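A.B. asks: For the sequence shown, my numbering begins at 8 and goes up steadily by one.
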Amino acid sequence: MQISFHGAARTVTGSKHLITTNTTRFLFDCGLFQGLGKSTKELNSRFGFDPRTIDFVLLSHAHIDHTGLLPKLVKEGFSGPIYATRPTIELSEILLMDSAEIQRIEATSNGKSNGAESQPLYTAEDVIECMKRFKPVDYNESFQPSSDIEATYFNAGHLIGSAAIQCRVQLNGSTKTVLYSGDIGRARHPFLPPAERFPPAEILIMESTYGDKHHEITSSHIDELLKWIKKTCLQKKGKLIIPAFSVGRTQEILFALNQLELEKRLPELQFFVDSPLSLKATENIKQHLNELNSKSQDLMKIDSDPFQFAGLKYVETTEDSKTLVNYSEPCVIISASGTADAGRVQHHIGSCLQGNNNTILFVGYCGLESLGGQLLDGAKQIELFRDSHEVCAEIAKISGFSAHGDTDDLANCLKEQEVEIVEKLFLVHGEYKVQQAFATRLERKGFRDIIIPSQHERYGLASV
Ligand SMILES: [Zn+2]
Numbered sequence: 008m009q010i011s012f013h014g015a016a017r018t019v020t021g022s023k024h025l026i027t028t029n030t031t032r033f034l035f036d037c038g039l040f041q042g043l044g045k046s047t048k049e050l051n052s053r054f055g056f057d058p059r060t061i062d063f064v065l066l067s068h069a070h071i072d073h074t075g076l077l078p079k080l081v082k083e084g085f086s087g088p089i090y091a092t093r094p095t096i097e098l099s100e101i102l103l104m105d106s107a108e109i110q111r112i113e114a115t116s117n118g119k120s121n122g123a124e125s126q127p128l129y130t131a132e133d134v135i136e137c138m139k140r141f142k143p144v145d146y147n148e149s150f151q152p153s154s155d156i157e158a159t160y161f162n163a164g165h166l167i168g169s170a171a172i173q174c175r176v177q178l179n180g181s182t183k184t185v186l187y188s189g190d191i192g193r194a195r196h197p198f199l200p201p202a203e204r205f206p207p208a209e210i211l212i213m214e215s216t217y218g219d220k221h222h223e224i225t226s227s228h229i230d231e232l233l234k235w236i237k238k239t240c241l242q243k244k245g246k247l248i249i250p251a252f253s254v255g256r257t258q259e260i261l262f263a264l265n266q267l268e269l270e271k272r273l274p275e276l277q278f279f280v281d282s283p284l285s286l287k288a289t290e291n292i293k294q295h296l297n298e299l300n301s302k303s304q305d306l307m308k309i310d311s312d313p314f315q316f317a318g319l320k321y322v323e324t325t326e327d328s329k330t331l332v333n334y335s336e337p338c339v340i341i342s343a344s345g346t347a348d349a350g351r352v353q354h355h356i357g358s359c360l361q362g363n364n365n366t367i368l369f370v371g372y373c374g375l376e377s378l379g380g381q382l383l384d385g386a387k388q389i390e391l392f393r394d395s396h397e398v399c400a401e402i403a404k405i406s407g408f409s410a411h412g413d414t415d416d417l418a419n420c421l422k423e424q425e426v427e428i429v430e431k432l433f434l435v436h437g438e439y440k441v442q443q444a445f446a447t448r449l450e451r452k453g454f455r456d457i458i459i460p461s462q463h464e465r466y467g468l469a470s471v
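1. Indicate, with yes or no, if ligand 1 has a heavy atom lying under 8 Å from the CB of residue 34.
2. Where in the stretch 159–239 do unbroken runs of the beta strand (DSSP E), each at least 3 residues long, occur, reported from the N-terminal end onward?
3. Using the Cα positions of residue 42 and residue 179, report the straight-line distance between them to the nearest angstrom.
4. Quick one: grab the DSSP three-state call for residue 466.
5. What do you reckon, is the C-beta of residue 255 under 8 Å from a heavy atom of ligand 1?
6. Would residue 16 and residue 301 qualify as a contact pair, given that the criterion is a beta-carbon distance under 9 Å?
7. Would you say the beta carbon of residue 125 is closer than 8 Å to some non-hydrogen atom of ligand 1?
8. Pick from 100, 254, 126: whose alpha carbon is nearest that of residue 112?
9. Which class does residue 420 belong to by DSSP, given the choice of helix, strand or coil?
10. Ligand 1 heavy atoms versus the CB of residue 77: any closer than 8 Å?
11. Tell me whether residue 416, by its Cβ, gets closer than 8 Å to a heavy atom of ligand 1.
12. Counting pairs of Cβ atoms below 8 Å between the stretch 324–332 and the stretch 367–374, do you hit three or more?
13. Closest to residue 185 by CA distance: which of 257, 205, 386, 197 is it?
14. Helix, strand or coil, according to DSSP, for residue 128 in the structure here?
15. With hydrogens ignored, establish whether the beta-carbon of residue 70 is closer than 8 Å to any heavy atom of ligand 1.
16. Rank 339, 210, 93, 305 by C-alpha distance to the C-alpha of residue 318 and give the top, closest one.
17. Would the beta-carbon of residue 263 fall within 9 Å of that of residue 229?
18. Could you check the C-alpha separation between residue 399 and residue 362 for me, to the nearest Å?
19. Between which residues of its own chain and residue 260 is the CB-CB distance below 8 Å, once the five residues before and five after are set aside?
20. Name the two residues that bound the continuous alpha helix (DSSP H) containing residue 73.
21. Identify, in the order they occur along the chain, each residue of the same chain with its Cβ nearer than 8 Å to the Cβ of residue 103, setting aside the five sequence neighbours on each side.
22. Do residue 130 and residue 441 have their CB atoms nearer than 9 Å?
23. Below 8 Å, is the gap between the Cβ of residue 409 and the nearest heavy atom of ligand 1?
24. Taking residue 32 as part of the beta strand (DSSP E), name the residues at either end of that continuous run.
25. Quick one: using the 10 Å Cβ neighbour count with 16 as the cut-off for buried, is residue 392 buried or exposed?
26. Please say whether residue 222 and residue 190 have beta carbons closer to each other than 9 Å?
27. What does DSSP give as the partner residues of residue 366 in its beta bridges?
28. Give a yes or no on whether the C-beta atoms belonging to residue 463 and residue 11 are separated by under 9 Å.
29. Can you tell which of 257, 256, 258, 267 has the C-alpha that lies nearest to the C-alpha of residue 236?
30. Buried or exposed: where does residue 323 fall if 16 or more other Cβ atoms within 10 Å of its Cβ makes it buried?
31. Is the separation between the beta-carbon of residue 39 and that of residue 99 shorter than 9 Å?
32. Run the CB neighbour count on residue 182, radius 10 Å, all protein chains shown included, and call it buried at 16 or more, exposed below.
33. Going by C-alpha distance, which of 22, 208, 311 is nearest residue 50?
34. Determine the DSSP secondary structure at residue 9, reduced to helix, strand or coil.
35. Where does the unbroken beta strand (DSSP E) through residue 27 begin, and where does it stop?
36. Considering only DSSP beta bridges, list what residue 112 is partnered with.
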């Protein structure tokens, strides 16, 4: 048996891990690389394996850095099933359609600006073909995607439908258990239950995004959000722009604002969600309220919709979005993408950067190369829509909104592991420095053979 890593190797996007047994080849996830500057395009252009040789895909969750190259995989000859939970399938369709649209717009604008041929990685038609390959699975119910493999999904508490995946591989009369963490949620997520502890495995593939960090306690980031709303909109009469991913982070912000309203602390203001994708994703989560944690179930006895509050409006059409860009009253605008690398939020940032009464408030991880990363790094001048913009607005960040577990949450998920039977522990989905720090922590807990693979690196697994 072999494993090779074709994404999220010493970085946090592009998750693609390929397992090869004597008879089967399958992928854990097939994600898009994002925010890696000039190398992003090259990384997304070739898989490092032949899609026609893959038998099936086990998908951990719907985020585009885990799903975003599935349509390209199908387009290039993959014809097997893609297994995922029902909420993941629904969210994947929404996100992949959006990804195809973003690529179409980018290809058109590249073509106009430099006349160069620019092809999207895939189109909406490719997404429709890709969605035909999805097959639903339930948590904690084993199934056999091939004769030598039994797979089980466990709730990972990171996003509605997110999963860690266990595979029991039969080969030469023995069994090896491989466990892929996907992305792991935080123990105190505002509305999702904590990740289940993973059953013992010989081979672990573990995310490590925040392997060296402790998150702030949950309530302080809500106070921090309120502080920025008051400072920007009430004191400085400016606009507060919150770049946020449409699926997951936007709903966390809405949940927090709803909580402030229930506590009668939310100022009377206009709150806009300017992202059609966010509206679809929020509606999707509302279809799966039974998957929320017990605290949220109790909350819903007094507030049937924990994502809706007074003053909240969704902006759907492009025309309405353009009108909002020119809106000059104090307000809060939540818009995608979270790293400000794409989407409508770029227009809001472009129009607000010059005003020192405005604030751009980041609420999630931004790679150094992304527009968000540059702003957070203190750039005084940035490039946007091929124009140079001076940065006068305040740039701020709240880190407590992470949907990724911190170092304690990650370590907790490994509590059931017996260090003497773990043969290899691969750290993926993290920056290299963070991964090194997390590896040191895990070594102290007794784990041996901790590996931080690099792109396209391949490893033999045990003797099977
Ligand atoms: Zn994720």
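Even for Gly, the Cβ is constructed at its ideal location relative to N, Cα and C. Treat the numbers as computed from the prediction; the structure is a model and nothing was measured.
C.D. replies: From the atom records:
1. For ligand 1, not one heavy atom lies less than 8 Å from the Cβ of residue 34.
2. DSSP runs (the beta strand (DSSP E)) wholly in the stretch 159–239: 170–178, 181–187, 210–214.
3. Each residue's Cα considered, the two are about 43 Å apart.
4. Residue 466: strand per DSSP, three-state reduction.
5. Within the cutoff, so yes.
6. No, Cβ-Cβ distance for residue 16 and residue 301 is not below 9 Å.
7. Flag unset: Cβ of residue 125 not near ligand 1.
8. Nearest option by C-alpha distance: 126.
9. Reduced to three states, the DSSP call for residue 420 is helix.
10. No, ligand 1 has no heavy atom inside 8 Å of this Cβ.
11. Residue 416: no, Cβ never under 8 Å from ligand 1.
12. The stretch 324–332 vs the stretch 367–374: no contact.
13. Checking every option, the nearest Cα to that of residue 185 belongs to 205.
14. Looking at residue 128 - three-state DSSP - the assignment turns out to be coil, as it is neither helix nor strand.
15. Result yes, Cβ under 8 Å from ligand 1.
16. Closest in alpha carbon position to residue 318, among 339, 210, 93, 305, is 339.
17. For residue 263 and residue 229, yes; Cβs fall inside 9 Å.
18. The straight-line gap from Cα to Cα measures roughly 6 Å.
19. Result list for residue 260: 232, 249, 251, 341, 370, 408, in chain order.
20. That run of the alpha helix (DSSP H) goes 71–74.
21. So the list reads 71, 74, 75, 77, 78, 134, 137, 138, once near-sequence residues are dropped.
22. Going by C-beta atoms, residue 130 is not nearer than 9 Å to residue 441.
23. Shortest gap from the CB of residue 409 to any heavy atom of ligand 1: 8 Å or more.
24. Here the beta strand (DSSP E) through residue 32 covers 32–35.
25. Under this definition residue 392 is an exposed residue.
26. The answer is no: Cβ separation not under 9 Å.
27. According to DSSP, residue 366 bridges with 247, 401.
28. Taking 9 Å as the Cβ cut-off, residue 463 and residue 11 qualify as a contacting pair.
29. Nearest of 257, 256, 258, 267 to residue 236, Cα basis: 267.
30. When all chains shown are included, residue 323 counts as exposed.
31. Result no, Cβ atoms of residue 39 and residue 99 do not sit closer than 9 Å.
32. Flag for residue 182 reads exposed.
33. Closest option to residue 50, Cα to Cα, is 22.
34. Reduced to three states, the DSSP call for residue 9 is strand.
35. From DSSP, the beta strand (DSSP E) with residue 27 extends over 24–27.
36. According to DSSP, residue 112 shares a beta bridge with no other residue.
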